[in-house]
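Have a look at the structure below before the remarks.
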Amino acid sequence: MMRFLSMISIGLQARPRPGAAMLVAAIGGIASGAPSWAAEAASPTTSPATVWRLPTLGGKVWWVDVWEQDGYRIQTHKVTGVRRLLDPANVLIAMGDFEDCQTALARELETPPDSAAVNLNIELPTLGGAQFWGDEFFSRGWKIQRNAITTHYRLLDGDGTRRAWGTYEQCAREWRRLTPNDGATSRAATLVILLHGILRSPDSFNKLAGRLRQAGYDVCAMAYPSTQASIPTHADQLNRLLERLEGYDRIHFVCHSMGGLVVRKALSQRADPRVVRLVTLGTPHKGSIEANLLRDWYPYKVIFGPSGQQLIEGSEAFAASLPPPLCPMGCIAGGRQDGNGYSPIVPGDDDGTVSVASALYDGATDRRIVESLHSFLMNNDEVIEATLRFLQSGRF
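Quick note: to get the numbering used here, add 77 to the position in the sequence shown (first position is 1).
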């Protein structure tokens, strides 16, 4: 079968990884004919195979696995019969006939894990990560993000342009190459991490982020796939980012809605002495009655995902399981301050989504009610100035 045009080829010759010969030999067991190709394919003198390095969805509809070991898979297309090789992250390594995939696997396993191989990248602007990307690393606006569907990574610069993609290690290497003096220049001593709510994005904090930068803070508006995983999974992602975060003596959090629950869960799992203060804006610390009413409605399940099921109120709610935060926390609630609120289905005062009683945590260091709807709290001028005062002094 004709081989497809190569987009990028890894031609590095290096010491084989442990287990390479075993994997190559294992594939030979399902190939037709004598298995003599195994030794030849594993040989450093074998000609380069066709290597693509493109993310895929793993082939759930049109592709059938014909071999799998240690996460590597060879698949056959149901219609065309073409073969392809995927790595453990569902990245397409090679495509063509069976021999192409065999040779590509041998070449892949010959490449050391710390190889300087870089995937083909077209520098394109992105949306910065909306519902499918999560920040795993941050430094001076640069981010390494993980895709919730394909599980591959990408490196974004401060303008949101993709500069590399592949594994986390590949993106980290490229970041170090592109920013060799990152640790040599001064930066603000304090970082403010902003976490958006469900179905929102980092862009929802643009106005607040600008004001915080004016006040001298570094700001990370963190992306996370709010509808694609549970709140504990989002908290794990945040903790990975914190573990990799360097150069800051103090960290503050400002969170809208569900973002506050993500931070509280993360801090309950991993104590970080750099964390100083936390501000929540309309966070349902006691859950939301709207989630209770909608949780069994199919469109709600599809749109809001696993996290949406955890926003319910009551003694069995996820929010009720969280311990009190160890750092000072200020809570701002939206409401009309007339006893009725904006929503006819939420008891008492509310911001149209979350009740004041739920948004104002009982053990908070300071609490405040602002006349605002839920979705616009982070853009409210009164909220922005009150948030800045709390970060500076611990009081609204």
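No residue lacks a Cβ here, since even glycine has one placed at the ideal position from N, Cα and C.
Margin query: I believe G364 touches S435 by the beta-carbon criterion, under 8 Å. Please report the beta-carbon distance rounded to the nearest angstrom.
Written below: Position 287 of the sequence shown, counted from the start, is the residue given in the question as residue 364. Position 358 of the sequence shown, counted from the start, is the residue given in the question as residue 435. Taking the Cβ atoms as the reference, G364 lies roughly 6 Å from S435, within the contact range of under 8 Å.
Notebook entry, point to check: For G385, does the count of other Cβ atoms within 10 angstroms reach 16, so buried, or fall short, so exposed?
Noted result: Counting from one through the sequence shown, the residue named residue 385 turns up at place 308. G385 comes out buried.
Margin query: Are the CB atoms of L355 and P402 within a distance shorter than 8 Å?
Written below: Here residue 402 corresponds to residue number 325 of the sequence shown, with the count starting at 1. Here residue 355 corresponds to residue number 278 of the sequence shown, with the count starting at 1. Closer than 8 Å, so yes.
Item checked: Own chain, CB closer than 6 Å to R223, minus 5 neighbours either side, in chain order -> Your numbering for residue 223 matches position 146 in the sequence shown. Here the set comprises G211, E213, Y230.
Item checked: Contiguous alpha helix (DSSP H) assignments of at least 4 residues, all confined to the segment 219-301 -> 245-255, 283-291
Note to self: Please report the straight-line C-alpha distance between G206 and G274, rounded to a whole angstrom.
What the structure shows: Taking the first residue of the sequence shown as position 1, residue 206 is located at position 129. Taking the first residue of the sequence shown as position 1, residue 274 is located at position 197. Just so you know, the alpha carbons of G206 and G274 end up roughly 14 Å apart.
Next item on the list: Determine the DSSP secondary structure at H311, reduced to helix, strand or coil.
Entry: Along the sequence shown, read from residue 1 onward, the residue named residue 311 stands at position 234. H311: helix per DSSP, three-state reduction.
Next item on the list: Under the assumption that L437 contacts A410 (Cβ atoms under 8 Å), give the Cβ distance between them as a whole number of angstroms.
Entry: For the purposes of this step, residue 437 is identified with residue 360 of the sequence shown, where counting begins at 1. For the purposes of this step, residue 410 is identified with residue 333 of the sequence shown, where counting begins at 1. Indeed, because the Cβ distance is near 5 Å, the residues count as touching under 8 Å.
Notebook entry, point to check: How many Å lie between E145 and V138 at the Cα?
Noted result: Within the sequence shown, the letter at position 68 stands for residue 145. Within the sequence shown, the letter at position 61 stands for residue 138. Going from the Cα of E145 to the Cα of V138 covers about 17 Å.
Checklist line | With 16 other Cβ atoms within 10 Å as the buried cut-off, status of S124 | finding: The residue given as residue 124 occupies position 47 in the sequence shown. Note that S124 scores a pLDDT of 39, beneath 50, so its modelled location is shaky and nothing firm can be said.
Note to self: Quick check on this structure: which residue in G235, G418, N198 has the alpha carbon closest to the alpha carbon of G218?
What the structure shows: Walking along the sequence shown from the start, residue 218 turns up at place 141. The residue with the shortest Cα to Cα distance from G218 is G235.
Next item on the list: May I ask which residues mark the beginning and end of the beta strand (DSSP E) holding D415?
Entry: On the sequence shown, residue 415 is found 338 positions in, with the first residue counted as 1. Looking at the DSSP string, D415 is not in any beta strand (DSSP E), and its letter there is neither H nor E.
Check: Is E390 near I366, with beta carbons less than 8 Å apart?
Finding: The sequence position of residue 390 within the sequence shown is 313, counting from 1. The sequence position of residue 366 within the sequence shown is 289, counting from 1. Yes, the Cβ-Cβ distance between E390 and I366 is below 8 Å.
Notebook entry, point to check: Would a C-beta distance cut-off of 8 Å place K155 and V143 closer than the cut-off?
Noted result: The sequence position of residue 155 within the sequence shown is 78, counting from 1. The sequence position of residue 143 within the sequence shown is 66, counting from 1. Not in contact: K155 and V143 (Cβ atoms no closer than 8 Å).
Notebook entry, point to check: If you drop the 5 nearest sequence neighbours on each side, which residues of the same chain put their C-beta closer than 7 Å to that of P383?
Noted result: In the sequence shown, counting from the first residue as 1, residue 383 sits at position 306. Taken in chain order, the residues that qualify are A306, S307.
Next item on the list: Would you kindly work out how many angstroms separate the C-alpha atoms of S345 and G173, rounded to a whole number?
Entry: As a working mapping, residue 345 is identified with position 268 in the sequence shown. As a working mapping, residue 173 is identified with position 96 in the sequence shown. One C-alpha to the other measures close to 49 Å.
Margin query: At 4 residues or longer, what runs of the alpha helix (DSSP H) sit wholly inside the segment 331-367?
Written below: 335-346
Check: So, are the CB atoms of F473 and G412 less than 8 Å apart?
Finding: To locate residue 473, count along the sequence shown from 1; it is residue 396. To locate residue 412, count along the sequence shown from 1; it is residue 335. The answer is no: Cβ separation not under 8 Å.
Check: On the three-state DSSP scale, how would you describe F214?
Finding: For this step, residue 214 is matched to residue 137 along the sequence shown. F214 carries a strand assignment under DSSP once its states are collapsed to helix, strand and coil.
Note to self: Can you tell me whether V339 is buried or exposed? The criterion is at least 16 other CB atoms within 10 Å of its CB, across all chains shown.
What the structure shows: Mapped onto the sequence shown, residue 339 falls at position 262. So V339 ends up on the buried side.
Notebook entry, point to check: What's the C-alpha gap between S449 and R253?
Noted result: As a working note, residue 449 is residue 372 in the sequence shown. As a working note, residue 253 is residue 176 in the sequence shown. Rounded to whole angstroms, S449 to R253 spans 43 Å at the Cα level.
Margin query: I need the DSSP call for S432, collapsed to helix, strand or coil.
Written below: Taking the sequence shown and counting its residues from 1, one reaches residue 432 at position 355. The answer is strand: DSSP assigns S432 an E or B state.
Next item on the list: Leaving out five residues on either side along the sequence, give the residues of the same chain with a beta carbon under 6 Å from the beta carbon of S278.
Entry: In the sequence shown, residue 278 corresponds to position 201, counting from 1. Counting only Cβ-Cβ distances below 6 Å, and skipping sequence neighbours, we find A207.
Margin query: Can you tell me which residues form a DSSP beta bridge with M406?
Written below: Within the sequence shown, the letter at position 329 stands for residue 406. Answer by DSSP bridge pairing, in chain order: L355.
Margin query: Let me confirm a value: T464 is counted as buried when at least 16 other C-beta atoms fall within 10 Å, else exposed. Which label applies?
Written below: Position 387 of the sequence shown holds residue 464. Buried.
Check: By Cβ distance below 6 Å, which residues in the same chain neighbour M335 in space, the five residues on each side in sequence not counted?
Finding: Along the sequence shown, read from residue 1 onward, the residue named residue 335 stands at position 258. These residues qualify, in order along the chain: G274, I275.
Checklist line | Endpoints, the alpha helix (DSSP H) within which Y149 is located | finding: For the purposes of this step, residue 149 is taken as residue 72 along the sequence shown, with counting starting at 1. Taken as a continuous stretch (DSSP letters only), Y149 belongs to no alpha helix (DSSP H), being part of the beta strand (DSSP E) at 149-154.
Margin query: Our contact map puts F215 next to L272 with C-beta atoms below 8 Å; I'd like the distance itself, whole angstroms only.
Written below: Your numbering for residue 215 matches position 138 in the sequence shown. Your numbering for residue 272 matches position 195 in the sequence shown. That belief does not hold up - the Cβ atoms of F215 and L272 are roughly 12 Å apart, past 8 Å.
Item checked: T122 versus C178: straight-line alpha-carbon distance, rounded -> Within the sequence shown, residue 122 is the residue found at index 45, counting from 1. Within the sequence shown, residue 178 is the residue found at index 101, counting from 1. Bear in mind that the predicted position of T122 carries a pLDDT of just 34, short of 50, making it too unreliable to give a figure here.
Item checked: Y149 classed as buried or exposed, judged by whether at least 16 other C-beta atoms fall within 10 angstroms -> Along the sequence shown, one-based indexing puts residue 149 at 72. By the neighbour-count rule (16 or more Cβ atoms within 10 Å), Y149 is buried.
Check: For R466, does the three-state DSSP call read helix, strand or coil?
Finding: Looking up residue 466 in the sequence shown gives position 389. Looking at R466 - three-state DSSP - the assignment turns out to be helix.
Checklist line | Opening and closing residue of the beta strand (DSSP E) in which Q146 lies | finding: For the purposes of this step, residue 146 is taken as the residue at position 69 of the sequence shown. 140-146 is the extent of the beta strand (DSSP E) around Q146.
Check: Is DSSP giving C472 helix, strand or coil here?
Finding: Counted from its first residue, the sequence shown places residue 472 at position 395. The question names Cys, but residue 472 in the sequence shown is Arg. Here R472 sits in coil by DSSP.
Next item on the list: Give the straight-line distance between the Cα atoms of L268 and R321, rounded to the nearest whole angstrom.
Entry: Numbered from 1 along the sequence shown, position 191 holds the residue referred to as residue 268. Numbered from 1 along the sequence shown, position 244 holds the residue referred to as residue 321. Cα to Cα, the separation comes out at about 14 Å.
Margin query: Give me the DSSP bridge partner(s) of P401.
Written below: For the purposes of this step, residue 401 is taken as the residue at position 324 of the sequence shown. Paired residues: none, contrary to the question.
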